[in-house]
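K.L.:
Letter by letter, the sequence shown follows residues 360 to 539 in the numbering used here. Glycine included, C-beta positions come from ideal geometry on N, C-alpha and C.
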Amino acid sequence: MPAIEFQGQCFQLDDNENLLDGLLKQKASVPFSCRAGVCHSCLLQVTEGKPPADSQQFLTEKQTAKGFMLACQAHVIEDITVRLPLRDEVPGIITGLTQLSPTEIRLTMSTRLPFSISKGDQVYLVNHEGFEGHYPVADVSDDLLIIECLIERKAGGDPFSAWVHSDAQTGLRLMLIKQN
Ligand code: FES
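(1) Quick one: complete alpha helix (DSSP H) runs, 4+ long, within the stretch 473-533?
(2) Which residue from P495, F474 and E488 puts its Cα closest to that of L443?
(3) At a threshold of 8 Å, does L429 count as lining the ligand FES (C-beta to nearest heavy atom)?
(4) Between the stretch 462-482 and the stretch 423-430, do at least 3 Cβ pairs fall closer than 8 Å?
(5) Under the criterion of a Cβ to heavy atom distance below 8 Å, does H524 qualify as lining the ligand FES?
(6) Out of curiosity, what's the CA-to-CA distance linking G408 and S392?
(7) Out of curiosity, what's the CA-to-CA distance linking L402 and T457?
(8) From what residue to what residue does the beta strand (DSSP E) around Q371 run?
(9) Could you give the distance in angstroms between the alpha-carbon of N377 and the alpha-carbon of T462?
(10) With which residues is Q404 paired in a DSSP beta bridge?
(11) Please go through the same chain and pick out, in chain order, the residues whose beta-carbon is closer than 7 Å to the beta-carbon of V435, but skip the five residues on each side of it.
(12) For the structure I just gave you, are there three or more beta carbon pairs, one from the stretch 510-527 and one from the stretch 482-496, closer than 8 Å?
(13) Could you give the distance in angstroms between the alpha-carbon of I536 and the alpha-carbon of V496?
(14) Measuring only from the beta carbon, is F490 closer than 8 Å to any heavy atom that is part of the ligand FES?
(15) Check this for me: beta carbons of L531 and V485, under 9 Å apart or not?
(16) Let me know the secondary structure DSSP gives Q458 once reduced to three states.
(17) Take V499 and list the residues in its own chain whose beta-carbon comes closer than 8 Å to its own, dropping the five residues that flank it on each side.
(18) What I want to know is whether the C-beta of L379 ends up closer than 8 Å to one or more non-hydrogen atoms of the ligand FES.
So, in structure tokens, the structure goes:
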């Protein structure tokens, strides 16, 4: 009976059980979509143990070298520790807009996937209308799921800043992309 460590919890699976099915059955929060090895939503990274061979067949050499695997394709036979991989590009939603001054708003965004970003890094933001701009990250939560930026309104500034100060609302979607 393999034991799977994931997000600080231990999940017992049956021998050869499908990893995605086994985790979902036990109410673990794992992203997924196609269940066929195509969309890569269920990508996990093994941090201890060996990824099952069948779990890496649709991945690149670079991904397999880093211990990535697809949960929907994995049939586990031994104990492993897995985590959600950090991503350089994640979808998010606006969860807060706090007016700090007439020209500055604190924009709080939430993502479902851990974002590979740190305080002070530059993040490129694109809204659902295609307005874009890049800003330094003012704060990020320990689990890398909540990101804050201070958005200043300037004469002749980028359209994204103008949008944040005029039409942005909580619940709207945007993309967050790490700038290297
Ligand atoms: S759910 Fe699409 S690849 Fe696993």
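P.N.:
Considering the structure as presented:
(1) As summarised for the stretch 473-533, the continuous alpha helix (DSSP H) elements at least 4 residues long and confined to that stretch are 518-525, given in chain order.
(2) Mapped onto the sequence shown, residue 443 falls at position 84. From the listed residues P495, F474 and E488, the smallest Cα separation to L443 is found for F474.
(3) Looking up residue 429 in the sequence shown gives position 70. For the ligand FES, at least one heavy atom lies less than 8 Å from the Cβ of L429.
(4) Here the stretch 462-482 makes no contact with the stretch 423-430; the two share fewer than three CB pairs at distances below 8 Å.
(5) Your numbering for residue 524 matches position 165 in the sequence shown. No, the Cβ of H524 stays beyond 8 Å of every heavy atom of the ligand FES.
(6) For the purposes of this step, residue 408 is taken as the residue at position 49 of the sequence shown. For the purposes of this step, residue 392 is taken as the residue at position 33 of the sequence shown. Their Cα atoms are separated by approximately 25 Å.
(7) On the sequence shown, position 43 is the one that residue 402 refers to. On the sequence shown, position 98 is the one that residue 457 refers to. Approximately 34 Å, taken between the alpha carbons.
(8) As a first step, residue 371 must be located in the sequence shown, where it is residue number 12. DSSP places Q371 in the uninterrupted beta strand (DSSP E) bounded by Q368 to Q371.
(9) Residue numbering aside, residue 377 sits at position 18 when the sequence shown is read from its first letter. Residue numbering aside, residue 462 sits at position 103 when the sequence shown is read from its first letter. Going from the Cα of N377 to the Cα of T462 covers about 52 Å.
(10) Walking along the sequence shown from the start, residue 404 turns up at place 45. BP columns for Q404 point to F427 and R442.
(11) The sequence position of residue 435 within the sequence shown is 76, counting from 1. Once the five neighbours on either side are set aside, the close Cβ partners of V435 are P361, I363, L372, E376, L378 and P411.
(12) Yes: at least three Cβ pairs fall under 8 Å.
(13) Start at 1 with the first residue of the sequence shown, and residue 536 comes out as number 177. Start at 1 with the first residue of the sequence shown, and residue 496 comes out as number 137. One alpha carbon belongs to I536, the other to V496, and they sit about 11 Å apart.
(14) Residue mapping note: residue 490 aligns to position 131 of the sequence shown, counting from 1. No, the Cβ of F490 stays beyond 8 Å of every heavy atom of the ligand FES.
(15) Working through the sequence shown from its first residue, we reach residue 531 at position 172. Working through the sequence shown from its first residue, we reach residue 485 at position 126. Their beta carbons are not under 9 Å apart, which means L531 does not touch V485 by this criterion.
(16) The residue you call residue 458 lines up with position 99 of the sequence shown. Note: Q458 maps to strand in three-state DSSP.
(17) Along the sequence shown, one-based indexing puts residue 499 at 140. Closer than 8 Å at Cβ, skipping near neighbours: F474, I476, S477, K478, I505, I506 and E507.
(18) In the sequence shown, residue 379 corresponds to position 20, counting from 1. At least one heavy atom of the ligand FES lies less than 8 Å from the C-beta of L379.
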